Structure formats: C-alpha cells, structure tokens
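Asker: All the letters of the sequence shown, read from the start, carry residue numbers 27 to 349 under the numbering used here.
The beta-carbon is built from N, C-alpha and C at its ideal position, and this holds for glycine as well.
These numbers were taken from a predicted model, which means no experiment stands behind them.
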Amino acid sequence: MSEILQVKNLKLYYSTKKGVVKAVDNISFALNKGETLAVVGESGCGKSSMAIALMRLLPRNVNTYQGSIIVDNEDISKLDEKTLRERILWRKISMVFQGAMNSLNPVLKIGFQIAEALLEHDKRLSKKEALAIAKKSLELVRLPEFIADRYPHELSGGMKQRVVIAMALVLNPQIVILDEPTSALDVITQANIINLLKRLKNEKGLSYIFITHDLAVASELADRVVVMYGGKIVEYGNAEQIYATPKHPYTQKLIASIPTLRSDKTLEFIPGAPPDLIDPPPGCRFHPRCPYAMDICRVEEPPLLTASNGKVACWLYKGDIVE
Ligand code: SF4
C-alpha cells in the first residue's frame with residue numbers, strides 16, 4: 027500500500043498566559059492510500075491540535091510549528107499560504123471539524139452554503155454551476171436535492187452532519203480528516219454516518235484520519251490506530267492487533283473501559299487526569315497514572331520504537347524491540 031501522507035516530527039506549541047502548551051510534541055506517522063487511521067485518546071491529549079496542524083489552520087497564539095507534512099510527495103508545511111489554499115486545502119486534504127454541523131449559517135440555505143465554499147476555491151465557476159455541483163454533492167451523501175433549498179434549522183442532526191461531510195468532499199480531496207464526526211449524534215444516527223463514511227471511502231478511494239475519544243466507534247472504521255497521550259504517540263499499529271493485544275498500559279486501560287453487551291466484565295477507568303501540557307511529568311507522561319511505573323519511567327522518556335506488534339513507547343517492552 028502506498029503512503030499518501032507522511033507526518034514527520036510534527037510539533038505545535040501554543041503560548042498562553044500560564045506558559046507554553048506543548049499540544050503536539052514531536053509526532054510522526056503515515057497514512058496509506060485508501061485506509062482509515064483512527065487517532066484515539068482522552069480529551070486534551072492533542073488529537074484536534076494535530077488535525078489543525080496538518081491543515082495549517084493555526085491560531086494566532088502559536089509558539090512553535092515544526093515538522094514535515096508530506097502530501098502526495100510534496101511537503102505542504104513549506105508552501106506559502108496562497109499555494110496552500112489554491113492547490114492543497116480542500117482539494118487534496120480536507121476536514122470535517124468537530125461540531126461543524128452546529129456552525130452552519132442559520133440564515134443561509136444549505137445549497138448556497140456549499141456553493142459559497144466552492145466559489146471561494148474556484149473563481150472560474152458561475153454561481154449557477156456552483157449550485158449545481160452543490161446539489162450533486164448532496165446526492166453523494168444520500169440527501170435529496172430539495173435539501174439545497176432548506177435552512178439548517180429544518181434539518182435533523184444526522185442530515186446536518188451529512189451536509190458538512192458533503193462540504194468537505196465537494197472539491198474531491200484524497201484525504202479527509204474527521205474530527206469527532208459522530209460524537210454529538212444518537213447511536214442510530216451515529217451508525218448511519220459510519221456506514222455513509224464507509225461507503226464514501228470505498229466508492230471514492232478516500233483516506234481518512236478519524237479522530238475520536240470513542241474506541242468503540244473507531245473500531246468500526248479503523249485499519250490502523252494511533253493512540254495519543256499528553257501530546258505524544260504512545261502506540262501505533264494495526265487496528266485488529268491493537269484491539270486484541272494492546273501493548274501500552276494506557277491503550278490497555280482505554281480498551282478495558284469500552285462497555286460491551288455480551289459480557290458482565292467490570293469496566294475499568296483510568297485514575298487521575300491527563301497531564302498538564304504546560305508542565306508535563308518528566309520521563310513517561312503516563313507514569314503518574316500507570317500501575318506498572320518503574321524508576322526509569324519517572325526520569326527517562328520512552329522512545330516510540332518498533333515492537334512485534336506495531337510501535338510502542340513504553341519501558342516495559344525494552345526487550346521486545348525489533349528495530
Ligand atoms: Fe507505564 Fe513506564 Fe510504560 Fe510509562 S513507560 S506506560 S510508566 S510502564
């Protein structure tokens with residue numbers, strides 16, 4: 027499988043009154059063509075910051091932004107703003123933002139909102155042409171054409187989510203970042219959206235980065251999984267292996283906390299809270315919450331190394347490293 031996206035040593039730090047927040051701290055991973063890479067972890071572990079770093083949609087208080095983001099063999103982190111907007115964003119890599127369905131403009135019709143986004147990126151289109159493409163994109167997400175003449179308040183949550191997915195796909199990108207695309211929906215609508223995403227992926231050969239705190243939802247779509255903790259990747263590998271035999275104690279706890287209908291297992295929880303990203307704990311950032319913490323964990327950060335089951339950053343697997 028060929029890699030469509032390579033992320034190398036990505037860092038995104040923010041300046042705040044309290045200090046520098048190391049939201050994304052030197053992460054590297056790759057996305058294969060046609061695969062879904064789920065990025066999982068608790069809230070505040072850097073998942074959404076990683077997404078905006080990939081899109082280069084940086085807030086004003088950025089302190090450090092470093093690393094390479096190679097899309098289709100081109101490092102987009104080095105492109106000027108104009109080229110990035112004209113050639114890359116929404117055309118090669120697009121995003122469905124967290125809560126985007128609640129940001130639709132309440133006083134504009136759906137068709138006009140999709141067409142407006144199109145016109146912004148393709149000045150050669152007439153309004154009529156843009157509206158016709160907008161209607162086609164609604165068809166793609168299985169919404170009837172008349173929805174183009176509706177206002178957001180006339181749509182259900184599931185329909186609005188289909189609209190924002192249509193918006194992300196309207197310029198035919200190859201890579202789509204989905205930030206918690208089902209978190210505000212009821213379970214039936216969630217299942218419908220997941221099925222829609224699966225169908226679109228197969229029909230259009232899309233590659234997804236699927237960001238979620240919900241490992242059960244991620245398991246529906248993921249080919250591979252990245253587990254983030256404290257702004258870092260702690261485990262990374264094939265989804266089946268990670269769900270069946272998680273290596274990192276944090277991943278083990280996350281998986282043990284997924285409820286299932288078929289067993290009466292006691293659900294686990296992770297004591298404590300995710301680390302303060304201004305002043306993270308020394309050594310392994312998970313050590314204050316880890317039941318297996320050793321002396322070395324409190325002083326030395328474990329590197330992310332290849333183990334027999336993907337990649338893992340944990341001193342427990344020192345002897346299992348195959349690279
Ligand atoms: Fe736990 Fe140590 Fe592994 Fe960190 S490095 S997860 S503290 S055993």
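At which residue ranges does the segment 114-146 contain complete beta strand (DSSP E) runs of 3 or more residues, listed in the order of the chain?
Answerer: 119-122
Asker: Under the rule that 16 or more other beta-carbon atoms within 10 Å means buried, what is residue 349, buried or exposed?
Answerer: By one-based count along the sequence shown, residue 349 stands at place 323. With a pLDDT of only 46 at residue 349, under the threshold of 50, the placement of this residue in the model should not be trusted; the figure read from the coordinates follows. The residue in question, residue 349, is exposed, as its Cβ has fewer than 16 Cβ neighbours within 10 Å.
Asker: Taking the Cβ atom as the reference point for each residue, do residue 199 and residue 120 lie within a distance shorter than 8 Å?
Answerer: Along the sequence shown, read from residue 1 onward, the residue named residue 199 stands at position 173. Along the sequence shown, read from residue 1 onward, the residue named residue 120 stands at position 94. Taking 8 Å as the Cβ cut-off, residue 199 and residue 120 qualify as a contacting pair.
Asker: Buried or exposed: residue 137, going by 16 or more other Cβ atoms within 10 Å of its Cβ?
Answerer: Sequence index remark: in the sequence shown, residue 137 carries index 111 (1-based). It counts as buried.
Asker: Ends of the beta strand (DSSP E) at residue 205?
Answerer: Reading the sequence shown from its first residue, position 179 is the one you call residue 205. Looking at the DSSP string, the run of the beta strand (DSSP E) that includes residue 205 is 201-205.
Asker: What are the uninterrupted segments assigned as alpha helix (DSSP H) that are 4 or more residues long and contained completely in the segment 161-204, given in chain order?
Answerer: Within the segment 161-204, the complete alpha helix (DSSP H) runs of at least 4 residues are 183-195.
Asker: State the DSSP-derived secondary structure class of residue 82, mapped to helix, strand or coil.
Answerer: For this step, residue 82 is matched to residue 56 along the sequence shown. Residue state, collapsed to three classes: coil.
Asker: Anyone know if the C-beta pair for residue 158 and residue 183 falls short of 8 Å?
Answerer: For the purposes of this step, residue 158 is taken as the residue at position 132 of the sequence shown. For the purposes of this step, residue 183 is taken as the residue at position 157 of the sequence shown. The answer is no: Cβ separation not under 8 Å.
Asker: Return the first residue and the last residue of the alpha helix (DSSP H) that residue 268 is part of.
Answerer: As a working note, residue 268 is residue 242 in the sequence shown. Here the alpha helix (DSSP H) through residue 268 covers 265-270.
Asker: Could you say which of 333, 302, 250 and 341 lies nearest to residue 65 if we only look at CA atoms?
Answerer: Here residue 65 refers to the residue found at position 39 of the sequence shown. If we check each option's Cα against that of residue 65, 250 comes out closest.
Asker: Near residue 272, which residues of its chain fall below 6 Å by C-beta distance, leaving aside the five closest residues on each side in sequence?
Answerer: Here residue 272 refers to the residue found at position 246 when the sequence shown is read from its first residue. So the list reads 278 and 281, once near-sequence residues are dropped.
Asker: Does the pairing of the segment 251-266 with the segment 324-339 give three or more beta-carbon distances under 8 Å?
Answerer: yes
Asker: Say yes only if the C-beta of residue 342 is nearer than 7 Å to one or more non-hydrogen atoms of the ligand SF4, and no if none qualify.
Answerer: Along the sequence shown, read from residue 1 onward, the residue named residue 342 stands at position 316. Yes; taking the cut-off as 7 Å, the Cβ of residue 342 has a heavy atom of the ligand SF4 nearer than that.
Asker: Reducing DSSP to helix, strand and coil, say where residue 242 ends up.
Answerer: Counted from its first residue, the sequence shown places residue 242 at position 216. Residue 242: helix per DSSP, three-state reduction.
Asker: Return the bridge partner residues of residue 62 from the DSSP annotation.
Answerer: Start at 1 with the first residue of the sequence shown, and residue 62 comes out as number 36. DSSP output for residue 62 lists 234 as bridge partner(s).
Asker: Less than 8 Å between the C-beta atoms of residue 174 and residue 122, yes or no?
Answerer: By 1-based counting over the sequence shown, the position of residue 174 is 148. By 1-based counting over the sequence shown, the position of residue 122 is 96. Taking 8 Å as the Cβ cut-off, residue 174 and residue 122 do not qualify as a contacting pair.
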